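Everything on this sheet refers to the single structure shown next.
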Amino acid sequence: MRKWLMLIVFALLSLVAWGQTDSVRLGYSVRGKVKDAQTGRALESVHVSVPGRHYATVTNADGEFVLKSDTRIDAVLFTYLGYKSQRVPAKDKMTVSLVREAISLPEALIIGGDPIDILQEALERLPHTYCPEPELLECFYRETVQKRSRYTYVAEAVARLYRQEFEQAFYNPDASALEKSRLLVSQRRSDTLSVKTQGGPQMALNCDFLKNPDLMFAPDELDHYRLEMQTPVRIGDRLQYVIKLTPAVDAPYALYHALVYIDRERLTFTRIEASLDMSDRAKAIKAVLVSKPMSLRFFPEEASVVLNYRPVGDKIRLEYFRSTIRFACDWRKRLFKTHYTAVNELVVTDVRPEAIPIPRKERFRTTDYLNDKAQEFMDPDFWKDYNIIEPSESLEHAIGRLKK
């Protein structure tokens, strides 16, 4: 069961326990768009933050963002993998072009170092660098399901994440609770699909490789992988080791393909990209699927996660989580498959001043589903006091159609 934990939490339909807490009013905001300076292409998932403050968000699929604060915003910091970080004076409407980071290093530095030694040293530092003290984080969460290219399900939530200190996490697991939510589901009968997995904001905690080493980083698990050094990259102005993990044995469960980014100077984790090995479909199905109708055939195509960790002094904090699951389904009497894509995104937008544990009655449970308890909410000012992932143009159109 422990091997299934990561991908069981990918969400098509999910829930977080309900709790009402008012947020600090964020009366100041800037909005804008981020693009590649050379190509003009919109950049998705760029981290956008207020320097020296906890307020943050990420750009959407169109490169757009909205960043809010309780005080005047004088400058905005943009950070993205492979690009130079930029600190830009704030304007009400901003257009920012990020420049790719060119790396010119001696060959010995590019390929030097033992990947297992580097990874193990970074893992040994975790009790001192990752969640050394409890934290209460505010985050924005969104999950969507697309049938082919059309959205059929959109759920959004503001939630709290309680991160227990690293060495106590086994005895007191991390928890999440809901602040506000809204749910929009297609009313078309043909869009109904009785395939269920679990998810919600809790999934970012359950899929965190650093706090759940049994997923891949436990000593007996690392023996299942081949480790290789890749060409270093920069994230912001920090040089990163890049270690590639590929399955090296035929395990009784599905393994992962992963890239792990480790800060070269601090030996702290910066980013993890992992995808489930799909070479054995039966193993992949066991990892992904919880339940389905007997006559429905399920074909997993991709199940992947991205986790970003933000440096805070000499420590790191979970900053951003994204999961993607692509699959196809068909009924036994039908000739053609229907393709689906489920995307779940979470960004930490603030850090509460006091790390107050979430009461048990408010906590998200793995048996709960968001579509059962989230409220359908049409107030246009629903998100006005929160940092959010700005809806992309296609998502806004999808929400408009679903409302009708």
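The numbering of the sequence shown is this note's numbering, which starts it at 37 and goes up by one.
Note that CB positions come from ideal geometry on N, CA and C, so glycine has one too.
Because the structure is a prediction, the values reported are computed rather than measured.
Residue i to residue j span [Cα, whole Å]
i           : j           : result
residue 114 : residue 191 : 27 angstroms
residue 373 : residue 167 : 44 angstroms
residue 58  : residue 419 : Caution is warranted here: a pLDDT of 42 is assigned to residue 58, below 50, making its placement in the model unreliable, and the coordinate value is therefore given only provisionally. Spanning the two alpha carbons is a distance of roughly 12 angstroms.
residue 326 : residue 257 : 24 angstroms
residue 193 : residue 379 : 14 angstroms
residue 398 : residue 301 : 40 angstroms
residue 350 : residue 276 : 15 angstroms
residue 324 : residue 125 : 44 angstroms
residue 342 : residue 76  : 24 angstroms
residue 84  : residue 359 : 20 angstroms
residue 163 : residue 72  : 37 angstroms
residue 241 : residue 209 : 9 angstroms
residue 331 : residue 321 : 15 angstroms
residue 249 : residue 287 : 17 angstroms
residue 201 : residue 165 : 11 angstroms
residue 96  : residue 376 : 20 angstroms
residue 354 : residue 199 : 10 angstroms
residue 294 : residue 159 : 16 angstroms
residue 315 : residue 251 : 18 angstroms
residue 429 : residue 180 : 14 angstroms
residue 312 : residue 282 : 10 angstroms
residue 102 : residue 67  : 4 angstroms
residue 431 : residue 417 : 17 angstroms
residue 150 : residue 138 : 24 angstroms
residue 237 : residue 197 : 8 angstroms
residue 340 : residue 280 : 15 angstroms
residue 130 : residue 74  : 18 angstroms
residue 366 : residue 261 : 34 angstroms
residue 121 : residue 328 : 45 angstroms
residue 144 : residue 70  : Any reading at residue 144 needs caution, since the residue's pLDDT is 48, under 50, leaving its predicted position unreliable; the model's value is listed next. Using only the alpha carbons, I get a separation of about 35 angstroms.
residue 207 : residue 348 : 25 angstroms
residue 319 : residue 127 : 51 angstroms
residue 189 : residue 395 : 29 angstroms
residue 253 : residue 239 : 18 angstroms
Beta-carbon spacing of residue i, residue j below 8 angstroms
i           : j           : result
residue 425 : residue 383 : yes
residue 217 : residue 400 : no
residue 352 : residue 263 : no
residue 364 : residue 335 : yes
residue 155 : residue 271 : no
residue 81  : residue 356 : yes
residue 307 : residue 338 : no
residue 385 : residue 92  : yes
residue 266 : residue 285 : no
residue 105 : residue 89  : yes
residue 317 : residue 368 : no
Backbone secondary structure at residue i - three-state DSSP
i           : result
residue 322 : helix
residue 421 : coil
residue 179 : strand
residue 373 : coil
residue 73  : coil
residue 150 : coil
residue 317 : helix
residue 349 : coil
residue 276 : strand
residue 340 : strand
residue 191 : strand
residue 268 : strand
residue 144 : With a pLDDT of 48 at residue 144, under the threshold of 50, the modelled position of that residue is not reliable, and the figure given next carries that caveat. It is helical.
residue 380 : strand
residue 476 : Since the first and last residues shown for the chain are 37 and 440, residue 476 lies out of range.
residue 239 : helix
residue 171 : strand
residue 101 : strand
residue 515 : Residue 515 lies beyond the residue range present for the chain, which begins at 37 and ends at 440; the question has no answer from this structure.
residue 283 : strand
residue 430 : helix
residue 83  : strand
residue 250 : helix
residue 366 : strand
residue 206 : coil
residue 361 : strand
Contact with chain D by residue i, beta-carbon distance below 8 angstroms
i           : result
residue 216 : Within the model displayed, chain D is absent; a lone protein chain is all it includes.
Contact belief for residue i with residue j at Cβ below 8 angstroms, rounded distance in angstroms
i           : j           : result
residue 304 : residue 161 : 7 angstroms
residue 63  : residue 78  : Actually they are not in contact, since the Cβ atoms of residue 63 and residue 78 sit about 28 angstroms apart, beyond 8 angstroms.
residue 94  : residue 119 : 14 angstroms between Cβ atoms; not a contact.
residue 176 : residue 422 : 6 angstroms
residue 381 : residue 186 : In fact, because the Cβ distance is near 19 angstroms, the residues do not count as touching under 8 angstroms.
residue 247 : residue 310 : Incorrect: roughly 14 angstroms between the Cβ atoms, too far for contact.
residue 195 : residue 214 : 5 angstroms
residue 438 : residue 133 : In fact, because the Cβ distance is near 34 angstroms, the residues do not count as touching under 8 angstroms.
residue 274 : residue 299 : 5 angstroms
query: Per the contact definition of three or more C-beta pairs closer than 8 angstroms, is the segment 382-392 in contact with the segment 171-181?
result: yes
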